[in-house]
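The structure appears right after this line, and notes come after that.
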Ligand code: SAM
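Laid out in structure tokens, this is it:
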């Protein structure tokens, strides 16, 4: 590493200015999953930025925290980032939460994190609930290496994204809506092969939580008879490379 790159790195580590941005994960279903630290930080910050203030107000009320909360969602994040960075630079301590899970994971957060880092504001994402990790571990597929694909595009670019994953050897994780699951399973079955194994985790941490595992063929059959409901994570086993002499 050049001495110049080193000095930039030192600056990044040492010269934090202003207040602090916390990304606070919130439960994906079961309210018991909030961490002690998340509760403390939500109680300490100057204000909370929330994807939906009605949802966050319910959570804050449940935690007996009285705190001003303001909207921060996909429709206003672009034009509010600058103002928020100014408030952080002026010393505000701010918590960003989403409706459920970890902010920034298929939810708003990335823009504000990037802008804060560029402005040398300290950023701290607390560990906590997110849907992808329990779904991955519940699948029983290798979880030493995995790829998170989030939501697939609905139309444009969908086939391209799927084709890019054709020979992906790592376990793949997708977020999916219940009314699109069957279509996705059929599409993946055609592309990856009906024998490829997958796992569907539904309503994680909630009363009707379940994980259904099987080949795409089994899963298509199952969800045709039992239309899926609730929130869903689809996990697909990676491609197992055959040895050359097995191919012949
Ligand atoms: N930020 C969240 C996280 O950290 O997981 C994800 C937010 S994204 C807008 C919502 C999607 O996450 C849902 O459509 C579903 O795919 C997944 N999800 C969230 N909660 C879930 C749950 N309890 N069970 C299964 N999937 C869930």
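Numbering (this note's numbering), first residue to last: -5 to 242. All residues carry an ideal CB built from backbone N, CA and C; glycine is no exception.
Selected residue, minimal CA-CA separation from residue i, among the options
i: residue 117; options: 131, 82, 101; result: 82
i: residue 156; options: 71, 53, 232; result: 232
i: residue 217; options: 184, 180, 53; result: 180
i: residue 141; options: 167, 151, 124, 147; result: 167
i: residue 62; options: 215, 14, 51, 134; result: 51
i: residue 212; options: 151, 222, 190; result: 190
i: residue 160; options: 147, 146, 186, 144; result: 186
i: residue 96; options: 18, 78, 47; result: 18
i: residue 29; options: 123, 176, 228, 204; result: 123
i: residue 230; options: 25, 77, 27, 135; result: 135
i: residue 27; options: 102, 176, 194, 94; result: 94
Simplified DSSP assignment, three categories, for residue i
i: residue 207; result: strand
i: residue 10; result: coil
i: residue 31; result: helix
i: residue 133; result: helix
i: residue 84; result: coil
i: residue 89; result: strand
i: residue 54; result: helix
i: residue 110; result: helix
Cβ-based neighbour list, residue i, same chain, cut-off 8 Å, excluding 5 preceding and 5 following
i: residue 219; result: none
i: residue 11; result: 83, 113, 114, 115
Other residues of its chain near residue i: CB distance less than 6 Å, five sequence neighbours each side excluded
i: residue 75; result: 105, 106, 109
>> As an exercise, report each continuous alpha helix (DSSP H) stretch of at least 4 residues that is fully enclosed by the region 149 to 194, in chain order.
In response: Listed in chain order, the complete alpha helix (DSSP H) runs (minimum 4 residues) inside the region 149 to 194 are 152 to 158, 172 to 186.
>> As an exercise, report each continuous beta strand (DSSP E) stretch of at least 3 residues that is fully enclosed by the region 207 to 231, in chain order.
In response: With a minimum length of 3 residues, the continuous beta strand (DSSP E) runs that stay inside the region 207 to 231 are 226 to 230.
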